[in-house]
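Sequence positions in the sequence shown follow my numbering and run 658 to 1412. Following: one structure in structure tokens, then a few remarks.
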Amino acid sequence: GFENQEATRSALEQTLTRWIEQELTSASALMLSLSIESDLCACADFAGSQLQSMPAENAASAIGELAGIKGLPAPSLEQHGQWSAIVELLCTKEGKPRKRVDKRQGFPAKAAAKDKEQQAVFEQRKKAMQSLLAEIQTQPELLAALEIVSSLPITGYQNEHWEILEPLTTCLVHLYAHLALVFGRNGQCDYNEITASALRALSSAEHDSDESSAVRYKWDQSIRHILVDEFQDTAVSQFDLLKALTAEWYQDNLNCTEYPRTLFVVGDGMQSIYGFRAAKVGLFLTAKASGVGDLPLHSVELVQNFRSTPAIVEWNNRHFIHAFPNAIDISRGAVPYSIAKSIGGDEIPAEDDSACRLLVSSDEQGRLSEAQAIVDAITQQQVIAPQNTIAILIRYRTHLDDIIPALNEAGIDWHGVDLDPLQRREVIMDCVSLTRALCNPADDIAWLAILRAPWCGLSLLDLQQLVDDPANKEKTSKPCLNSVVHYLLSYKETNEFQAAISGLSEEGRHRLDLLAKTISTLWLQRGRKTLRQWVEAAWLKLQGPLLAYNSFDGDDRESVVAFFDLFEKLEQDCQSNGSCFSVDLLQKSLKRLYTRSELTVSAEENAVPAVQIMTIHKSKGLEFDTVIIPGLDRVGPSDDKPLLSWNEHLFDDSSTGLVLCPLDAVGLMLGNTYSASTSSKMGSDLYQFLRDENKRVSLFESTRLLYVAATRAKSKLFLLANLAQNDNGELKAPTANALLSRLWGTLADKAELVA
């Protein structure tokens, strides 16, 4: 916990130091495995010695520290200076491998030699260095390790960090305590709290008590077998709970071999895609290698694929083996690819791409070409095999903006669940604005939305007249709008109101009058009904059902029903637990509510199955004859810098440690504590390191996400992307964060350009 700030600081610093030394150990092990230590040290010693004899170049480089080096430095924080020098020798400032060296790196030109003997030495050492660099360029794992070493936050935690971390961590403790009170008051809690409570109840011997001993004894007597499915998506707290439940099983099995206790876990590390729920596939890899706690596991590899045709299986093997990492990295969740075998045998040629196609459009104006390609693919497959299932799998719901209209225009039946957030529907936005305005007459934005909504329909010019008051130069309030709101609620004209509408059109005044007759009547009824009943009555009086029937989204009356059902539920929940209902709570809950299942069903009995549309995450565990994956060139929403960046680091021995760092900009707000010139030294390296680390973890997971999508296909797979072309008409490579970039190395020459 964070209750003891001194202990917290010590724990965070120890974890960071251990993490840094783990990265140095990994880099050292890679170099030793490649047998380059001797050549590297010889080149480094020469370069360091030369730089020490050149004061100008030596002052601008750390390579001089390598003079006299005989072996790789120890993987410790104290030796990080030499490690930084090695990285500088081998890589550019941008972290790319060097292609050449010169006197700035300690390799003078032959012309700088004093005699022929020294000239020969210069030439020999430079050739040796060039050969070493060429070797390193063929080792992507070593290059990645060197890049990480170059970004290690060697300055660690500074006092300035703690001026932010101490109040933040204290606040977190208080927030958790308050959350516990809310749980107790409501008689409800989430799964995280259930896990945490179970861990406390099963606490280890150092926190022993009669109560915890009794709980452990009860569970120990009642549980003999545990089965865990989808084990690759286990979080640290869940893994700890499993260890606590099975803590004594190993010894029990030794004492009682006739009736052993068993732990059966099932999972596929290549399908771990729930990092956003704190899942760590490294725990799965650890359990596979060394068991759970003291309990060893016997690993059984299942390689037979019963879902897909041999062509699909072979295609996945051929391309994904290059997309996945070559070696296991427990900390970052790097899972190597495992070859699958098809039940169909080896009758498919090794280079058969007929089952899988990459369709690329170059639509500068949008994604209409991609959407049309999807329509064409679906139409073609429905002609060939009308009863086969087809699915469109997307990474983000926004990827459907052009696809769904294209499907509708082509008359293709489709079915989608949880695709369209309710809060994005036109009628729901109007209902929310109506609720906000009635609950808070001072909400100018809500009233402007009401005046613009179909039940009033003021023109933009009339709205501008109400907002832009020439006499109100300070713009601190909107007296014209305030007068109109007063008129709507009271239906009483005042001099201020007459002045406010003096610039409005005749039609605009008439529309205001009609709206005021309805709103003023409803305003008199406030407090006589529940809030839901009052707002719904207003919506009905304003001809809401008719407007919903003719909305931009078609007949959308069901969405309004869902909105008011949610409204009533929240209102009742607040009454039962003694809390206050707020429109903010309503809007927050709306984010988790989607339109009811969209389905267009043909009246024909033998109609083809509707095309299924869902996110890749929802498709996990399902299968379809044809799978279409669009938008593979797209990247996710930009990640804003959070106030607090953190990483729950998983070490090779399955232990974990937490590293936290506040946003540097927060420190700048403290005035004298930070300065623009010192912020980079005082923590931006740590904050950026944590962000970069999280990106590396996400990169591995995105490869697994694409693999999950591709392996849903039974017989046909269509990949689609929208890529620009260069002046020669060649397709440009997708950005590094795009899913397609994982396969681009082997798929670039397979792309089919569609109009």
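All C-beta atoms, glycine included, are put in the ideal place defined by N, C-alpha and C.
The Cβ neighbour count for Asn-1379, taken over all protein chains shown within 10 Å, is at least 16; the residue is labelled buried. Thr-812 has its alpha-carbon roughly 20 Å from the corresponding atom of Ala-717. The beta-carbon separation of Gly-990 and Gly-939, rounded to 5 Å, stays under the 8 Å limit for a contact. Residue range 967 to 980 is occupied by the alpha helix (DSSP H) that includes Phe-977. Note on Phe-933: under 16 other CB atoms within 10 angstroms of its CB, so exposed under the neighbour-count rule. In the structure shown, Tyr-931 adopts coil according to DSSP, grouped into three states.
The DSSP-derived three-state label of Arg-1291 is coil.
Taking a cut-off of 8 Å on C-beta distances, the segment 1196 to 1204 does not touch the segment 1054 to 1068, as fewer than three cross pairs fall below it. In summary, Cys-700 is buried, with 16 or more beta-carbon neighbours lying within 10 Å of its beta-carbon over all protein chains present. The Cβ atoms of Gln-1269 and His-1056 do not sit closer than 9 Å to each other. Within the same chain, Asp-1101, Trp-1104, Leu-1105, Leu-1123, Val-1124, Ala-1157 come within 8 Å of Leu-1138 by CB-CB distance, once the 5 residues on both sides are set aside. In the three-state reduction of the DSSP assignment, Pro-754 falls in the strand class. A distance below 7 Å between beta-carbons, with the five flanking residues on each side excluded, links Val-1032 to the following residues of its chain, in chain order: Ala-1063, Leu-1064, Ala-1067, Ile-1069.
When DSSP states are grouped into helix, strand and coil, Phe-1357 belongs to the helix group. CA-CA distance, Leu-911 to Ala-858, rounds to 26 Å. DSSP, reduced to helix, strand and coil, places His-1274 within a helical segment of the structure shown.
Between the alpha carbons of Ala-1267 and Lys-1277 lies a gap of roughly 19 Å.
In the DSSP assignment, Ala-802 falls within the alpha helix (DSSP H) that extends over 797 to 807.
Nearest to Phe-1238 by C-alpha distance, out of Leu-1227, Ser-1246, Leu-1247, Lys-1248, is Leu-1227. Residue burial is scored here from C-beta neighbours: Asp-1384 has fewer than 16 other C-beta atoms within 10 angstroms and is therefore classed as exposed. Of the residues assessed, Lys-900 falls on the buried side of the cut-off, its CB having 16 or more other CB atoms within 10 angstroms.
Ranked by Cα distance from Leu-1145, the options Trp-972, Asn-1234, His-1167 are led by His-1167. The Cβ atoms of Val-992 and Phe-981 sit closer than 9 Å to each other.
DSSP places Trp-1303 in the strand class (E or B) of the three-state scheme. According to the DSSP assignment, Thr-826 belongs to the alpha helix (DSSP H) that extends over 816 to 843. Gly-1068 carries a coil assignment under DSSP once its states are collapsed to helix, strand and coil.
Residue state for Gly-705 is assigned as helix, using DSSP reduced to three classes. Per the coordinates, the alpha-carbon of Asp-1230 lies some 10 Å from the alpha-carbon of Asn-843. Between Gly-705 and Gly-725, the CB-CB gap stays under 9 Å.
Three or more Cβ pairs drawn from the segment 889 to 897 and the segment 940 to 953 lie within less than 8 Å of each other, which places the two stretches in contact. DSSP places Lys-1352 in the helix class (H, G or I) of the three-state scheme. Remark: three or more beta-carbon pairs, one from each stretch, lie closer than 8 Å, so the segment 733 to 740 and the segment 666 to 680 are flagged as touching. Contact check for Arg-1014 against Phe-1281 fails: the beta carbons are separated by 9 Å or more. Beta-bridge partners of Thr-1283 (DSSP): Ile-1047, Lys-1373.
Here Thr-1151 is exposed, its C-beta having fewer than 16 other C-beta atoms within 10 Å. Straight-line spacing of the CA atoms in Leu-1343 and Asn-816 works out to 13 Å.
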